Amino acid sequence: MGSKIMASDVKVEVIHKETISPSCPTPPHLKTTNSLSFFDQLVPPIYIPLLLFYPICNNGDDFEVHDINHRSLVAERSELLKTSLSEALTLFYPFAGSFQFNDPICCNDQGAVFLEAQVNRPISKIFDKPDLGMLGQLLPNDHTSHLLQVQANFFECGGLAIGVNMSHKVADASTLSEFINRWAAIALGLPRTIDVVPLVAFGAASSLFPPLDFLNSPPVPTPTRDMKFDIKERCTTRRFVFDGSKIAALKSEAASASVPNPTRVEVVSALIWKCAKEASRSNLGSVRPSSWCQTVNMRKVLAQTLADKDLLGNVVGLVAAKTEESSSEAHDHDLRSLVTILRKGIEEFKEKYRNGVRGEEFCQLFMENVNLIMKKDDTDSYSSTSWCRFPLYESNFGWGKPSWVFISSVGSKNSIVLLDARDGDGIEASLTFNEEDMSMFESNEELLEYASLNPSVICNPPQKNLL
Numbered sequence: 009m010g011s012k013i014m015a016s017d018v019k020v021e022v023i024h025k026e027t028i029s030p031s032c033p034t035p036p037h038l039k040t041t042n043s044l045s046f047f048d049q050l051v052p053p054i055y056i057p058l059l060l061f062y063p064i065c066n067n068g069d070d071f072e073v074h075d076i077n078h079r080s081l082v083a084e085r086s087e088l089l090k091t092s093l094s095e096a097l098t099l100f101y102p103f104a105g106s107f108q109f110n111d112p113i114c115c116n117d118q119g120a121v122f123l124e125a126q127v128n129r130p131i132s133k134i135f136d137k138p139d140l141g142m143l144g145q146l147l148p149n150d151h152t153s154h155l156l157q158v159q160a161n162f163f164e165c166g167g168l169a170i171g172v173n174m175s176h177k178v179a180d181a182s183t184l185s186e187f188i189n190r191w192a193a194i195a196l197g198l199p200r201t202i203d204v205v206p207l208v209a210f211g212a213a214s215s216l217f218p219p220l221d222f223l224n225s226p227p228v229p230t231p232t233r234d235m236k237f238d239i240k241e242r243c244t245t246r247r248f249v250f251d252g253s254k255i256a257a258l259k260s261e262a263a264s265a266s267v268p269n270p271t272r273v274e275v276v277s278a279l280i281w282k283c284a285k286e287a288s289r290s291n292l293g294s295v296r297p298s299s300w301c302q303t304v305n306m307r308k309v310l311a312q313t314l315a316d317k318d319l320l321g322n323v324v325g326l327v328a329a330k331t332e333e334s335s336s337e338a339h340d341h342d343l344r345s346l347v348t349i350l351r352k353g354i355e356e357f358k359e360k361y362r363n364g365v366r367g368e369e370f371c372q373l374f375m376e377n378v379n380l381i382m383k384k385d386d387t388d389s390y391s392s393t394s395w396c397r398f399p400l401y402e403s404n405f406g407w408g409k410p411s412w413v414f415i416s417s418v419g420s421k422n423s424i425v426l427l428d429a430r431d432g433d434g435i436e437a438s439l440t441f442n443e444e445d446m447s448m449f450e451s452n453e454e455l456l457e458y459a460s461l462n463p464s465v466i467c468n469p470p471q472k473n474l475l
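If you read the sequence shown in the numbering used here, its first letter stands for residue 9, the second for the next number, and so on.
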């Protein structure tokens with residue numbers, strides 16, 4: 009076995025850059041009517057980073073790709089990605105526009121940035137206990153105002169990784185997943201029988217959830233301007249993978265009379281929360297109150313008549329579950345109690361907003377929860393985002409479904425990102441904590457009983473090309 013490839017040994021060289029415009033101009037009546045909903049106004053002005061990996065492999069071994077075949081393969085795939093992206097931008101026309109702060113999106117067809125890059129290693133080396141820091145090189149970092157940035161990374165073995173940075177101002181996880189799958193379907197050549205849906209769905213969100221005037225112009229005391237990540241502490245990110253069978257055992261352990269059938273996300277979240285509380289107590293020498301703030305897809309909360317599942321943009325809420333500790337209650341909550349607290353928080357949130365959302369009231373709650381996340385003095389706060397059940401592993405551009413999908417963390421302290429494993433049963437968790445707390449995570453026996461610390465990605469044999 010050869011030695012592990014270090015991040016410093018991997019060279020990602022951008023060899024081409026261009027702007028991809030929509031295949032058809034945006035109709036005049038759609039160019040200036042795309043106001044942000046108040047959900048869009050509340051999300052921070054960051055980019056959502058996504059990586060999809062498509063290896064050419066056979067039982068984990070890289071094929072040998074001759075130079076002439078490699079050049080032809082790169083050219084063919086690059087052209088397919090650009091052509092299909094252009095068509096997808098015609099449907100998802102706001103992604104090709106521009107905006108300033110919380111003004112309406114200017115659908116001016118400025119396009120998306122497309123970068124083509126060469127990687128000097130085979131993709132199997134990247135899959136060998138992935139270096140999360142190195143993966144950042146596979147994401148576009150163009151420093152432009154484009155709302156969508158794409159980087160096609162071609163490995164020397166013929167494998168491909170598609171890196172996407174999408175402005176959070178125009179998309180949440182649901183919308184980005186919808187876009188990726190529609191883009192892939194266009195590349196695959198499937199019939200586009202419902203192309204009108206994005207054109208309708210983009211305008212619907214701001215109609216149902218109209219923007220709030222006091223969020224339109226800076227400076228305003230909103231999370232979008234005041235959210236600052238703590239850079240004083242040295243933080244590190246680690247990847248933990250929960251196998252489906254381990255999650256099944258964890259469900260049995262966490263089940264109770266209050267929550268007899270906990271979900272995968274609930275039990276994994278509760279275990280991570282429990283371990284985080286233990287790490288905090290060990291490093292600080294005391295038990296503190298803590299909160300677990302998680303994003304919620306409002307499409308699944310609101311009544312169907314209020315929010316159709318096809319609504320695009322941001323339709324996302326923030327729910328906080330809390331534990332209170334005192335000197336008389338200086339003990340850790342067990343797994344069952346934390347699952348119960350998480351379930352109670354979600355159920356109360358659903359009950360409150362099932363029949364409608366008032367913008368001002370929702371904005372106040374959202375800001376209170378963000379302030380809770382940012383609070384550092386007497387409360388341990390954790391921020392969690394789940395991408396589970398979004399069909400990113402279904403995105404087939406013509407060379408099979410991805411062998412691995414990775415959501416990069418924004419790097420803020422005490423943040424957790426959950427994503428389905430490829431089999432749909434397991435969960436991959438990306439955790440970011442300060443170095444002292446992370447050292448406790450890496451040695452926590454209970455956590456390691458159910459999760460593997462950064463295992464290698466399994467490269468399955470390529471699927472049949474459907475083109």
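A virtual CB, placed ideally from N, CA and C, is assigned to each residue, including glycine.
All figures in this text were calculated on a predicted structure; none of them were measured in a lab.
*Helix, strand or coil: how does DSSP classify G166 here?*
Numbered from 1 along the sequence shown, position 158 holds the residue referred to as residue 166. Looking at G166 - three-state DSSP - the assignment turns out to be coil, as it is neither helix nor strand.
*Tell me the DSSP bridge mates of K25?*
Residue numbering aside, residue 25 sits at position 17 when the sequence shown is read from its first letter. L123, per the DSSP bridge assignment.
*asked:* So, at 8 angstroms on beta carbons, what are the nonlocal neighbours of S2 in its own chain, with the 5 sequence-adjacent residues on each side left out?
replied: Residue 2 lies beyond the stretch modelled for the chain, which goes from 9 to 475, so this question has no answer here.
*Drop a sphere of 10 angstroms on the beta-carbon of Q372, count the other beta-carbons inside from all chains shown, and report buried for 16 or more, exposed for fewer.*
Here residue 372 is taken as the residue at index 364 of the sequence shown, counted from 1. It is exposed - the Cβ of Q372 has fewer than 16 other Cβ atoms within 10 Å.
*Own chain partners of V273 with C-beta closer than 7 angstroms, once the 5 adjacent residues on each side are dropped*: The count along the sequence shown starts at 1 and reaches residue 273 at position 265. So the list reads S394, C396 and L426, once near-sequence residues are dropped.
*May I ask which residues mark the beginning and end of the alpha helix (DSSP H) holding C115?*
The sequence position of residue 115 within the sequence shown is 107, counting from 1. Per DSSP, C115 belongs to no alpha helix (DSSP H) and is neither H nor E.
*asked:* Could you compute how far the alpha carbon of S260 sits from the alpha carbon of G325?
replied: Numbered from 1 along the sequence shown, position 252 holds the residue referred to as residue 260. Numbered from 1 along the sequence shown, position 317 holds the residue referred to as residue 325. Approximately 29 angstroms between the Cα atoms of the pair.
*Alpha-carbon spacing of K137 relative to R246, whole angstroms*: If you number the sequence shown from 1, residue 137 lands on position 129. If you number the sequence shown from 1, residue 246 lands on position 238. If I take the Cα positions, the gap works out to 11 angstroms.
*Considering only the beta carbon of each residue, do F135 and A437 sit closer than 8 angstroms?*
As a first step, residue 135 must be located in the sequence shown, where it is residue number 127. As a first step, residue 437 must be located in the sequence shown, where it is residue number 429. Not a contact, by the Cβ cut-off of 8 angstroms.
*Thinking A120 and F103 are a contact (beta carbons under 8 angstroms), I'd like their distance in whole angstroms, please.*
For the purposes of this step, residue 120 is taken as residue 112 along the sequence shown, with counting starting at 1. For the purposes of this step, residue 103 is taken as residue 95 along the sequence shown, with counting starting at 1. Confirmed, Cβ separation roughly 6 angstroms.
*Kindly give me the distance between the Cβ atoms of R299 and K330, rounded to whole angstroms, as I take these residues to be in contact under 8 angstroms.*
One-based indexing of the sequence shown puts residue 299 at position 291. One-based indexing of the sequence shown puts residue 330 at position 322. Checking the displayed sequence, the identity of residue 299 turns out to be Ser instead of Arg. At roughly 5 angstroms, the Cβ-Cβ gap stays under 8 angstroms, so S299 and K330 are in contact.
*Where does D48 sit, in a helix, a strand or coil, going by DSSP?*
Translated into positions along the sequence shown, residue 48 becomes position 40. D48 falls in the helix class under three-state DSSP.
*Beta carbon of N452 nearer than 8 angstroms to that of C283*: One-based indexing of the sequence shown puts residue 452 at position 444. One-based indexing of the sequence shown puts residue 283 at position 275. Against a cut-off of 8 angstroms, the Cβ pair of C283 and N452 comes out as a contact.
*asked:* Given this structure, state the Cα-to-Cα distance separating D433 from F405, to the nearest angstrom.
replied: Here the question's residue 433 lines up with position 425 in the sequence shown. Here the question's residue 405 lines up with position 397 in the sequence shown. Rounded to whole angstroms, the separation of the alpha carbons of F405 and D433 is 23 angstroms.
*Given 8 angstroms, three or more beta-carbon pairs between the stretch 74–88 and the stretch 169–178*: Contact fails: fewer than three Cβ-Cβ distances are below 8 angstroms.
*Do A278 and L346 have their CB atoms nearer than 8 angstroms?*
As a working note, residue 278 is residue 270 in the sequence shown. As a working note, residue 346 is residue 338 in the sequence shown. In contact: A278 and L346 (Cβ atoms closer than 8 angstroms).
*Report yes or no: do three or more beta-carbon pairs, one from the stretch 208–228 and one from the stretch 41–53, lie closer than 8 angstroms?*
yes
*Give me the Cα-Cα distance between S464 and P33, rounded to the nearest whole angstrom.*
Locating residue 464 in the sequence shown gives position 456, where the first residue counts as 1. Locating residue 33 in the sequence shown gives position 25, where the first residue counts as 1. Going by the C-alpha atoms only, they are around 44 angstroms apart.
*What are the boundary residues of the alpha helix (DSSP H) that includes C301?*
By 1-based counting over the sequence shown, the position of residue 301 is 293. Careful: C301 lies outside any alpha helix (DSSP H), inside the beta strand (DSSP E) at S298 to N305.
*With a CB to CB cut of under 6 angstroms and the five nearest residues on each side skipped, what residues in its chain are close to L3?*
Outside the displayed span of the chain (9 to 475) sits residue 3, for which this structure offers no information.
*What is the rounded straight-line gap between the Cα of A265 and the Cα of F357?*
Here residue 265 refers to the residue found at position 257 when the sequence shown is read from its first residue. Here residue 357 refers to the residue found at position 349 when the sequence shown is read from its first residue. Distance between the alpha carbons of A265 and F357: 21 angstroms.
*Looking only at C-alpha atoms, which of F398, D388, S215 and I64 sits nearest to E186?*
As a position in the sequence shown, residue 186 is number 178, starting the count at 1. The residue with the shortest Cα to Cα distance from E186 is F398.
_Rounded to the nearest angstrom, what separates Y361 and I131 at their Cα positions?_
For the purposes of this step, residue 361 is identified with residue 353 of the sequence shown, where counting begins at 1. For the purposes of this step, residue 131 is identified with residue 123 of the sequence shown, where counting begins at 1. Those two C-alpha atoms are separated by around 45 angstroms.
*Bridge partner(s) assigned by DSSP for N42*: Residue mapping note: residue 42 aligns to position 34 of the sequence shown, counting from 1. Paired residues: I113.
_In the DSSP output, what is T387 paired with across the bridge?_
As a working note, residue 387 is residue 379 in the sequence shown. Answer is none; T387 lacks a bridge partner.
*Under the three-state reduction of DSSP, which class applies to D428: helix, strand or coil?*
Reading the sequence shown from its first residue, position 420 is the one you call residue 428. Of the three classes helix, strand and coil, the one that applies to D428 here is strand, per DSSP.
*With Y55 as the anchor, note down where its beta strand (DSSP E) starts and where it stops.*
By one-based count along the sequence shown, residue 55 stands at place 47. Unbroken beta strand (DSSP E) run through Y55: Y55 to Y62.
*Assuming A328 contacts N377 under a Cβ cut-off of 8 angstroms, what Cβ separation, rounded to an integer in Å, is found between them?*
Against the sequence shown, residue 328 aligns to sequence position 320. Against the sequence shown, residue 377 aligns to sequence position 369. Sure, about 5 angstroms apart at Cβ, within 8 angstroms.
*Between E359, L196, F449 and Q118, which lies nearest to E286 when the distance is taken from Cα to Cα?*
Looking up residue 286 in the sequence shown gives position 278. Distances from the alpha-carbon of E286 to those of E359, L196, F449 and Q118 put F449 closest.
*For I381, three-class secondary structure by DSSP*: Position 373 of the sequence shown, counting from 1, holds the residue named residue 381. It is helical.
*How is the alpha helix (DSSP H) around V347 delimited, first residue to last?*
Translated into positions along the sequence shown, residue 347 becomes position 339. Where V347 is concerned, the enclosing alpha helix (DSSP H) stretches over L343 to Y361.
*Taking L455 as the reference, give the member of I280, N363, L400 and C467 with the closest Cα.*
Residue 455 sits at position 447 when you count from the first residue of the sequence shown. The shortest C-alpha separation from L455 is found at I280.
*Apart from the five residues just before and just after Y55, which ones in its own chain have a Cβ nearer than 8 angstroms to its Cβ?*
Translated into positions along the sequence shown, residue 55 becomes position 47. Same-chain partners within the cutoff: Q157, N173, M174, S175 and H176.
*Within its chain, find whatever has a CB closer than 7 angstroms to the CB of T348; leave out the 5 residues flanking it on each side and keep chain order.*
Counted from its first residue, the sequence shown places residue 348 at position 340. Cβ neighbours of T348 beyond the five flanking positions: S264, S266 and V267.
*Can you grab the Cα-Cα spacing for the pair H37 / L207, in whole Å?*
In the sequence shown, counting from the first residue as 1, residue 37 sits at position 29. In the sequence shown, counting from the first residue as 1, residue 207 sits at position 199. Taking the straight line from one Cα to the other gives about 11 angstroms.
*What three-state label does DSSP hand S264 in the structure shown?*
Taking the first residue of the sequence shown as position 1, residue 264 is located at position 256. Coil at S264, not helix or strand.
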